[in-house]
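In UniProt numbering, the protein residues as written are 1 to 448.
Note that beta-carbon positions come from the ideal geometry of N, C-alpha and C, so glycine has one too.
Pasting the structure below:
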């Protein structure tokens with residue numbers, strides 16, 4: 001009887017863990033089935049494939065020599081634009097669910113995994129998925145959403161190694177394939193380099209010797225080598241230089257004359273603008289959870305006041321965002337603003353406050369290293385666009401990976417959440433559910 005009850009409880013728990021993913025799949029599938037395809041770069045890639053005598057291999061060689069190192073991504077785009085649209089609609093929905101599930105598996109506390117699956121699905125719904133249509137639904141999702149999903153899967157070996165669990169051969173092949181595809185995107189290549197290099201440093205420190213990596217973490221080193229090779233492939237691609245020159249002439253003629261500091265300051269400035277003025281609820285959710293955790297952890301009012309600053313900044317930013325979004329400006333949702341970095345110093349200070357909050361919450365522990373590292377990596381994926389001439393023309397889609405990493409930061413913060421406190425947990429569930437439902441409604445109205 002007890003065994004039967006245990007099995008029944010386990011089955012119920014598995015169902016409740018999977019249920020949010022089912023709801024997310026059905027919700028996003030409805031949205032995808034109503035999306036208007038055949039716009040932007042989707043049309044351009046389709047026209048390439050319909051040229052007389054088109055050869056995919058030859059075309060990819062030409063693209064590598066004259067335009068882009070994203071060989072794997074563009075090969076998949078060519079394939080997808082030639083398939084019936086329903087294939088992409090279903091495939092992209094599946095990719096979304098896999099990405100959220102991968103993030104959940106990567107960061108969850110197993111004892112509270114039901115909360116993690118529900119929270120991460122709700123947090124995804126807060127993201128403005130309409131940004132994935134700016135250059136055409138298929139081309140944009142395959143350049144941003146799909147490499148992100150592959151990258152999240154490729155990060156899972158770090159957790160397995162940390163927990164001392166073996167990586168089976170079939171799993172190893174899957175993780176390698178996902179990493180190689182993810183690294184075809186420059187932003188995800190940066191994330192994976194930081195993650196695997198950071199993991200290598202951590203395990204070296206933990207084992208008191210870098211040589212211990214060769215004994216205990218061979219697979220981690222293999223993945224790190226693949227990341228480095230991907231960067232070599234990107235940096236030696238002649239097409240990237242050609243594209244930078246062409247895009248400079250079109251979008252930012254003065255780009256080639258900018259100094260390193262000029263480009264870095266552009267990147268920092270656009271990151272701050274994107275964080276506080278161009279997103280919906282995820283950053284606010286992150287700093288609000290930080291505020292609650294610090295108020296619960298510390299009785300010092302100065303820490304309470306300090307942790308309230310990012311919340312106030314995000315609320316003000318959201319007010320500005322919605323006022324701009326519904327101002328009627330024809331390109332309010334398409335391009336990124338240009339702001340002097342000096343004007344951004346107060347908000348840069350807010351970012352520093354967020355890192356200080358991580359320290360207050362975790363102290364000098366693995367949690368601090370992981371949360372602050374994830375936050376800095378999120379900022380880096382956006383700031384690196386300062387070294388691209390299309391920084392102001394690419395639009396909000398470039399912030400997608402940063403937003404996902406903010407969700408990852410929330411997952412790390414939840415390791416400090418007291419789920420036994422019914423009052424706090426009920427409040428968190430209610431707040432996230434409300435924001436998730438609002439996000440779902442906005443996505444439905446703006447994506448179709």
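Note on the region 252–298: whole alpha helix (DSSP H) runs with a minimum of 4 residues are 260–277, 282–297, in chain order. Contact between the region 167–182 and the region 106–116 is absent: fewer than three C-beta pairs spanning the two stretches fall below 8 Å. Taking residue 16 as reference, the option from 95, 47, 119, 74 with the minimal CA-CA separation is 119.
With 16 or more other Cβ atoms from the protein chains shown falling within 10 Å of its own Cβ, residue 92 counts as buried.
Excluding the 5 residues flanking it on each side, residue 179 has same chain C-beta neighbours closer than 6 Å at 154, 223, 226, in chain order. In the three-state scheme derived from DSSP, where H, G and I count as helix and E and B as strand, residue 361 is classed as helix. Inter-residue distance for residue 386 and residue 66 is about 22 Å (C-alpha atoms, whole angstroms).
Under the 8 Å Cβ criterion, the region 182–190 counts as touching the region 226–237, having at least three qualifying pairs. For the 7 Å CB-CB criterion, residue 182 and residue 150 form a contact.
Per the coordinates, the alpha-carbon of residue 348 lies some 15 Å from the alpha-carbon of residue 372. The continuous stretches of alpha helix (DSSP H) do not include residue 392, and DSSP gives it neither H nor E. Residue environment: residue 77 is assigned as buried (16 or more neighbouring CB atoms within 10 Å of its CB, all protein chains considered). With the rule of 3 Cβ pairs closer than 8 Å, the region 436–446 does not count as touching the region 395–415. Annotation for residue 235: the continuous alpha helix (DSSP H) segment containing it runs 218–235. Within its own chain, the residues whose Cβ lies closer than 6 Å to the Cβ of residue 248, once the five positions on either side in sequence are excluded, are 255, 256, 389, listed in chain order. Where residue 120 is concerned, the enclosing alpha helix (DSSP H) starts and stops at 113–126. Counting the other CB atoms within 10 Å of its CB gives residue 30 a total below 16, which places it among the exposed residues.
A straight line joining the alpha-carbon of residue 104 with that of residue 415 spans about 12 Å. In this structure, DSSP gives residue 109 a state outside helix and strand, which the three-state scheme calls coil. Here the alpha carbons of residue 218 and residue 283 stand approximately 36 Å from one another. By the neighbour-count criterion, in which 16 or more other beta carbons inside 10 Å mark a residue as buried, residue 52 falls on the exposed side. Remark: C-beta atoms of residue 37 and residue 85 approach each other more closely than 7 Å.
The Cβ atoms of residue 40 and residue 135 lie closer than 7 Å to each other.
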